[in-house]
Structure formats: C-alpha cells, structure tokens
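Order-wise, the sequence lines are chains R and X.
In terms of the working numbering, the first sequence has 89 at position 89, counting the first letter as 1, and numbering is strictly consecutive.
Converting from the second sequence to the working numbering requires adding 1000 to each position, the first position being numbered 1.
Don't be surprised by glycine CBs; every beta carbon is placed ideally from N, CA and C.
Source: prediction; values computed, not measured.
Please read the structure below before turning to the comments.
2 protein chains.
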Amino acid sequence: MRAVFERQDTLPLIAEVFREFGYEGATFSRITERTGISKGSLYHFFPDGKEEMAAHVLAHIDAWFEAHVFTPLARDEPREAVAQMWRAVLDYFHSGRRICLVGVFAMDETRDVFADAIKGYFQRWIKALKQALVRAGVGRARAQDLAEECVAGIQGGLVISRATGEAAQFVRTVRRLAARVDDELSG
Amino acid sequence: MRAVFERQDTLPLIAEVFREFGYEGATFSRITERTGISKGSLYHFFPDGKEEMAAHVLAHIDAWFEAHVFTPLARDEPREAVAQMWRAVLDYFHSGRRICLVGVFAMDETRDVFADAIKGYFQRWIKALKQALVRAGVGRARAQDLAEECVAGIQGGLVISRATGEAAQFVRTVRRLAARVDDELSG
DNA sequence: GTCTATACAGTGATAGAC
DNA sequence: GTCTATCACTGTATAGAC
C-alpha cells in the first residue's frame, strides 16, 4: 500500500525535506525515506534528478502564493486582500513552526539556476502588496516602504522563530506588521 | 608563500565558505581551495573536522557581536550604543551584500549541536537591545517589541537583499528600523 | 511504472612520509 | 606542522529486471 501515486502528490513531501535539510542536505535517501518512493521511481518522475525536484517544488510554492496572496492583492478589495494575506501567511507558515523554503534557497548561492524564481517570488509579493496599499489610498513611496518592510519582516520573523524555537515570536511579528499597515490605512 | 599561519586567521576564510554554500555545501575541497590549506593541515587545526570548524566560526562571529554590539548596548550610553549598533550592522553585513551565517545555520536543522549557540546569539541580541531601550526610557513591553522587531527586521532585510540582488534594500530596511527607534526615543 | 543492482564521483576522515 | 595517499562511505545517476 502506497499513499502517493502522482508526481504532483510527491511535491509537498519533497518540499518538507528541502525545508528541513536545505538543498544539499536533502539527499535521495532522505527523500525516499520520507516519501516511500525508491530512487528509480523518483527519477521516473523527475528525469533531471534533484534539481528538477527543487524547481518543481519552488513552482508549487509560487503557485500557492500566487493564488492565495498575490492575485487577491491585485484583484480584491485591498483592505480585505491584505487581511487575507496575513491569514494566509500565518496559515502557510504554521504560525512560525514552518520556514520559508524560498528564503532558505535564497541564502544558498550554490545554484544560480533558481535565482530568477527566487527573485521573482519576492519582487512580485512586494509589488502586489504595494499596489494594494496604493489602491487603498497610501502614497506610492510610503506603500513601497511598507510593502518591503512587511515582506522582509515576515522572513526575519521566521528566522528568529526558528532560531529561538519560539513560534510565538513569528505570530507577534505578523501582528506588529499588520497593526502598522492598519495604522497607515486608517490614519 | 602562504598568507595564513595561525588557526585563528583561517576562521574568516572558512566562515565565508560556510556563508556562501551553507554547512552541507561547505566541502573540504572548497575550504582547501579558498584557504590554500590542505585537508591534513585543516585536521591539524580542527581535530574534530567540519563540525569543529563550524563551532569555531560561530564562536568567532559571536565574539565580534558581543564586542561591537551586545556589550556596548549593555554598557554605553543607550542612544549612542544604539547608533553604534546600526553602524556595526551595516558594516558587518557589507551594506546588505553579506548574509548572516547564524541565520543561515538557524534555517538548517541538520545539526542540533549548534542550536544553543544560535539561540543564544539572537536572544542576547534582543535582550541587550531591549535593556538599552529601557535605560533610554522606553517602557519594558514596548522595548521588547521594538527589539524583536529590529533583530528580526535585520535578518529579513538580509534575506530579501540576497534574494533580489539589491543590497540597497537592506540599507533601506536598517534606515527604517533606526528611524522607528529614534521616533520612540524622542517621542 | 516500480523496483534492485550498480557505476562512479566526491564526501569526511585517518595514517603516515617528510 | 604540512602534505599526499588512502580509507570507508554516501552522494547522484543510470541500467535493466520484472
């Protein structure tokens, strides 16, 4: 009996291995152990091996954020979209117990292959948030500042939470950032 | 002709390799290539191998921050110490072109051996900053919030700068954080 | 499609010549 | 103290049985 039958289904499992051990630390033995899929089958799903796995995992994450964060910010009523962003972020990162794989890969310059994907993820996030803030009436310069501050703050909160082992620190960080945005929107 | 003769002198070079490639990616061949020291000599300096190297590198970084940031925050006139912290941070991280190795190691849970050192680094930073803010007249709860926000913001700014390739983003992040602290101190 | 068997390079680590 | 030679092992990757 196997729980996984489609390549798409393996991505979340493989993603967790990359998250826990980083790119170099995510070895085939750890991936087979976690997924229950042998090396041979993994190469059947991902003919180009580890690099292809990582690329698909990144694309998977990107699609999630595109659907749950970036697109709402660009399309929905801005205040509601921002509120939705905070909910999505707390949910996705398990209230600080889960780190950002894109951030992890960003810190590792071993493989420039992913540089564009990583850069695009953060730039689109900042841009979408900025434009939502502008649509909500915030000045362009201030909106850019706030958006950079929020996206950077989220990453930093994840690092500190993971480092100290206190997930609550991430939740506090998000609350502070949300409050600052609210102040700006109502003030 | 060799430029390095003492173990202490090798640490900054080895640290850069860990910074660029992460713990797993920092292989002996890369370290020997960067330092010009053979494996045999590296094991002479660090009998316990890579793990000992990483431990010494972390201790080296910790000592630098202790001397240039934490101790000044605890001892000097608080406003001046905070200003010194921003200078030290911009300087140490090369205005956003260099990442935080402690942050990189924090994201990697391969080796719990360093967990305490990593945790201590961030906790002492937050605590020292908080106490300096308290000595400068900020309320305890607000000081704790601000300190967490600053240390997390620095880490996040480094991640975003590295990801986007725009070091200037880190400088802006630091400026924003410094302005917020200044507001609190004068307001 | 899934697996086992295997190739081959590179890993951390050790021994020993000088 | 510094290096080279070598170790056992694990890494990614491939071939091929079923």
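Is the Cβ of R:E201 closer than 9 Å to any Cβ of chain X? With chain R running from 1 to 187 in the structure shown, residue 201 of chain R is simply not present.
Since X:F1114 is in the alpha helix (DSSP H), which residue starts that stretch and which ends it? That residue, X:F1114, is in no alpha helix (DSSP H); it is neither H nor E in DSSP.
For chain X, is any of its Cβ atoms less than 9 Å away from the one on R:F65? no
Chain-ordered residues of the stretch 106 to 128 of chain R with a beta carbon less than 9 Å from chain X: A106, M107, D108, E109, T110, A115, I118, K119, Y121, F122, Q123 and I126
Given this structure, state the Cα-to-Cα distance separating R:D91 from X:Y1023, to the nearest angstrom. 29 Å
Partners in chain X for R:Q169, counting only beta-carbon separations shorter than 8 Å: E1148 and A1152
Span of the alpha helix (DSSP H), counted from its first residue to its last, around X:A1054: K1050 to F1065
Should X:I1160 and R:Q8 be called a contact, given that it needs their Cβ atoms to be closer than 9 Å? no
Using the beta-carbon of each residue, which ones in chain R are nearer than 7 Å to X:R1176? D145 and E149
With a cut-off of 9 Å, does the C-beta of X:E1020 fall near any C-beta of chain R? yes
Closer than 9 Å, CB to CB, is X:G1187 near chain R or not? no
For X:D1062, the nearest candidate out of X:R1034, X:R1124 and X:L1177 (CA to CA): X:R1124
Within the continuous alpha helix (DSSP H) that includes X:P1047, where are the two ends? First-last for X:P1047: undefined, no H or E at that position.
Looking at the C-beta of R:I14, does it have a partner C-beta in chain X at a distance below 9 Å? no
Say whether chain X places a C-beta atom closer than 9 Å to the C-beta of R:Y92. no
In or out: X:A1141 buried (at least 16 other Cβ within 10 Å) or exposed? exposed
Residues of chain R with CB closer than 7 Å to the CB of X:V1138, please, in chain order. Within chain R, no residue comes near X:V1138; the closest Cβ sits about 15 Å away, beyond 7 Å.
Would R:A54 and R:F122 be called neighbours here (beta carbons separated by less than 9 Å)? no
Since X:G1157 is in the alpha helix (DSSP H), which residue starts that stretch and which ends it? R1140 to T1164
Rounded to a whole number of angstroms, what is the C-alpha to C-alpha distance between R:H56 and R:L11? 7 Å
Can you look up X:M1107 in the DSSP assignment and give me helix, strand or coil? coil
Measuring alpha carbon to alpha carbon, tell me which residue in R:H60, R:T32, R:R87 and R:E6 is nearest R:F170. R:R87
Under 9 Å, do R:I126 and R:V102 count as touching if we go by C-beta distance? no
Please return the same chain residues whose Cβ sits closer than 7 Å to the Cβ of R:I14, not counting the five positions on each side in sequence. I31, T35, M53 and V57
Is there a Cβ from chain X that is less than 9 Å from the Cβ of R:V181? no
Please decide whether X:A1055 counts as near chain R, where near means a Cβ-Cβ distance under 9 Å. no
What in chain R is Cβ-close to X:E1077, meaning under 9 Å? Within 9 Å Cβ-Cβ: nothing; X:E1077 doesn't reach chain R, min ~27 Å.
Would you call the CB atoms of X:F1065 and X:L1158 closer than 9 Å? no
Helix, strand or coil for X:G1025 per DSSP? helix
Span of the alpha helix (DSSP H) around X:V1069: Here X:V1069 belongs to no alpha helix (DSSP H), and DSSP marks it neither H nor E.
Does the beta-carbon of R:R75 have 16 or more other beta-carbons within 10 angstroms, so that it is buried, or is it exposed? exposed
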